[in-house]
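Chains as they are written, first to last, in our numbering: chain A, 1 to 277; chain B, 1001 to 1298. Quick notes on the structure that follows.
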Amino acid sequence: MLRLLNIEFIKLWNNKASKILILAYFILLSSIALISAIKFDFGMFKFHLAEQGIFNFPYIWHFNTFVAGLLKFFLLIVIVSMVANEYSNKTIKQNLIDGLSKKEWILSKVYTVVVFALISTVFVFVISLILGLIFSSYTEINIIFSDLEYLVAFFIKLFGFFCLGLFAGMLIKRSAFAIGAIVVYFFIEFFSYLIFKGFYRDSDIVDNIYNFLPFKSLWNLIDEPGSRLGAVKELASAAGQDLSYDYAVHWYEIAIVLGWSALFIYLSYRLLLKRDL
Amino acid sequence: METILQISNLTKKYGNLTAVKNLSFTIKKGNVYGILGPNGSGKSTTLGITLNVVNKTSGDFKWFDGAISTHEALKKVGAIIERPNFYPYMSAYKNLKLVCKIKDIDYSKIDEKLEIVGLTERKHSKFSTYSLGMKQRLAIASALLNDPEILILDEPTNGLDPQGIHQIRAIIQQIASQGTTILLASHLLDEVEKVCTHVVVLRKGEKLYSGRVDEMISSEGFFELKYEDEPKLLQFLEQHASIEKTTQKDGLITAFLNTPLSASEFNKQLVESGIYISHLVMRKESLEEQFLQLTDNK
């Protein structure tokens, strides 16, 4: 396993574009900390985001994993191109000729994806911990380490998303087209959801189906945290709306995403087995 | 002799097209093999199948008597296919490091092999800055990294300038002289004739000949003749016991022998029959003529 990771590391780290994107991603992740600096001061109306409780434990786990989840697109580009470039440079052929088995080849990519997801998760954990220790109103140990399932969900979310990228790269073989295809598919899923939702406003059937589709299932892992904020809740109750909502990470949400991930990896492997290079 | 690769009844179909048809041959240790065939005769497909990048339709192949899996076997093989494939953004040295990792060997051989192909000075330049000849030489260095049991070269001089071709051939000959088994696929006959001891001739995916190169050029040779009274000469040739057949082209009559006959003896016989020819040359067929005959006739 270390040998395969090492191979993949040499390929990625010597590629300037990948290196810059990876660095940019982690710099952006750290810049979550900058949110704490958001302050509005309009005379009467003073607003300091960090003081609105977004960095309170355990809410911070939810908030930060959600925001960090939005940045995953950067690494998607790296992952799609690390697969598609092997086709355009024909190095996949050379790798196999040099004695890598097809299984090892796919595994080296999957391990890399896992490592990316893992490092991101650890990174978000550390940053959130630091931010929380600075800004949180509650710093009791058992509160700090509650709700950590959001980090698990974050890891699964990245892993699932990157597996999709891996498969798209394998299937389409050109990075730009593969990323384009993912974006197009995202819009198809998103807009068709909105349209069907409009038709069947009163029933759950649309949600029940879409919860099983790739993007919706990824999205479900970490529900949007905004409405959980104290300020937003107050506004809503003032407007007479009840925003109480199920924010928890459910096992079946994880299971659906893991199911997709397994399918994407298996299909990538099948493609490699069946294709003549 | 130890068997390195055995191919039996290998067939590959791309849709309706049969690229390789029921092909069988064996590669023994220590020989230099050539696979000859025009473009599209299935050379690269055959190599691709044995190298785990093309899926066979039917048949079988075995590396090293089938004792180990194909990808393990490939770690003991050095191969270049069609054109050199490396990571363009990495230097030659780093590319070779990657190959070492894949083949599970240490980095100690990299400098030695770069020296053999004469790339030591440019080893830290990016692969994308290399000329085609340099890329091809780097590919050979990469294939040699593990001191392979067999070196497989698919059209190694394709697209190179004369100097590049010469360099590559010199390298191949040097490697062959060290006793490494080589399998060289090419449509360039003089290339095969110069370096190979054995040859497999393919046409449209079918094997036409396999065996030693010198046995392939085994005919007794032929005479090229010129004489004003052609019908008389032809009549003489027809009755001659040693002449298998004759052809006529551009005023030259070519007479093919089926038993050994020296030019002077033949000339004497002609004179005794009252034929004084104006042109007599005895020649042996080159591999090229043999090859063309083989591929045309069937």
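Glycine is no exception: its CB is placed at the ideal position from the N, C-alpha and C atoms.
The Cβ-Cβ distance between Ser-268 of chain A and Leu-166 of chain A falls below 9 Å. Residues of the segment 78 to 101 of chain A with a C-beta atom less than 7 Å from some C-beta of chain B are Asn-89, Lys-90, Thr-91, Lys-93, Gln-94, Asn-95, Leu-96, Ile-97, Asp-98, Gly-99, Leu-100 and Ser-101, listed in chain order.
By the C-beta density criterion, Trp-13 of chain A is exposed, having fewer than 16 other C-beta atoms within 10 angstroms. Excluding sequence positions up to five before and after Phe-1256 of chain B, its CB lies within less than 6 Å of the CB of Phe-1222, Glu-1244 and Lys-1245, all in the same chain and listed in chain order. Closest by C-alpha distance to Lys-1103 of chain B, out of A:Leu-4, A:Pro-225 and A:Val-115, is A:Leu-4. In this structure, the CA atom of Ala-84 of chain A is about 14 Å from the CA atom of Pro-1088 of chain B.
Gly-1078 of chain B has B:Leu-1151 as its beta-bridge partners, per DSSP.
For Met-82 of chain A, the closest alpha carbon among the candidates A:Glu-149, A:Ile-22 and A:Gly-132 is that of A:Ile-22.
Per DSSP, the beta-bridge partners of Ser-1186 of chain B are B:Leu-1036.
The beta carbon of Thr-1026 of chain B lies closer than 8 Å to those of Thr-1003, Leu-1005, Gln-1006 and Ile-1007 in the same chain, with the five residues before and after it left out.
With the rule of 3 Cβ pairs closer than 8 Å, the segment 1111 to 1128 of chain B does not count as touching the segment 1042 to 1056 of chain B. CA-to-CA, the gap between Leu-1270 of chain B and Lys-1204 of chain B works out to about 43 Å. Residues of the segment 6 to 31 of chain A with a C-beta atom less than 7 Å from some C-beta of chain B are Asn-6, Ile-7, Ile-10, Lys-11, Asn-14, Asn-15 and Lys-16, listed in chain order. Under a criterion of Cβ atoms nearer than 8 Å, the residues of chain A adjacent to Pro-1088 of chain B are, in order, Asn-89. Annotation: the continuous beta strand (DSSP E) that includes Asn-1022 of chain B extends over 1017 to 1028.
In this chain, the alpha helix (DSSP H) harbouring Glu-253 of chain A covers 251 to 274. Counted as a single uninterrupted DSSP element, the alpha helix (DSSP H) harbouring Phe-1236 of chain B occupies residues 1230 to 1239. DSSP, read as helix, strand or coil, puts Ile-1105 of chain B in coil.
Secondary structure of Glu-1121 of chain B (DSSP, three-state): helix. Sequence-ordered contacts of the segment 1132 to 1152 of chain B with chain A are nonexistent [C-beta pairs closer than 7 Å]. Under the three-state reduction of DSSP, Glu-1285 of chain B is assigned to coil, being neither helix nor strand.
Its chain contains Trp-61 as the residues whose beta carbon lies nearer than 7 Å to that of Leu-148 of chain A, once the 5 sequence neighbours on both sides are disregarded; these appear in chain order. By the CB criterion at 9 Å, Lys-1012 of chain B and Gly-1042 of chain B fall inside the cutoff. Note on Met-170 of chain A: 16 or more other CB atoms within 10 angstroms of its CB, so buried under the neighbour-count rule. At least one CB of chain A lies nearer than 9 Å to the CB of Asn-1085 of chain B. Relative to Ser-1091 of chain B, the option among A:Ile-182, A:Val-257, A:Leu-164 and A:Lys-11 whose CA is nearest is A:Lys-11.
Taking each of A:Ile-222, A:Tyr-252 and A:Val-257 in turn and checking the Cα distance to Leu-70 of chain A, the smallest one comes out for A:Ile-222. Take Ser-128 of chain A, set aside five residues on each side of it, and the residues of its chain with a beta-carbon closer than 7 Å to its own are Ile-60, Trp-61 and Asn-64, in chain order. Of all residues in the segment 199 to 218 of chain A, none has a C-beta nearer than 9 Å to a C-beta of chain B.
Secondary structure note for Ser-1058 of chain B: its beta strand (DSSP E) is the uninterrupted segment 1058 to 1063. Here the alpha carbons of Gly-1118 of chain B and Ala-1170 of chain B stand approximately 12 Å from one another. Here Lys-72 of chain A has Leu-158 and Phe-161 as same chain residues with Cβ atoms under 6 Å from its own Cβ, once five neighbours each way along the sequence are excluded.
DSSP, read as helix, strand or coil, puts Gly-165 of chain A in helix. In this structure, DSSP gives Asn-142 of chain A a helical state, which the three-state scheme calls helix. Secondary structure of Arg-1212 of chain B (DSSP, three-state): strand.
Residue range 1222 to 1226 is occupied by the beta strand (DSSP E) that includes Phe-1222 of chain B.
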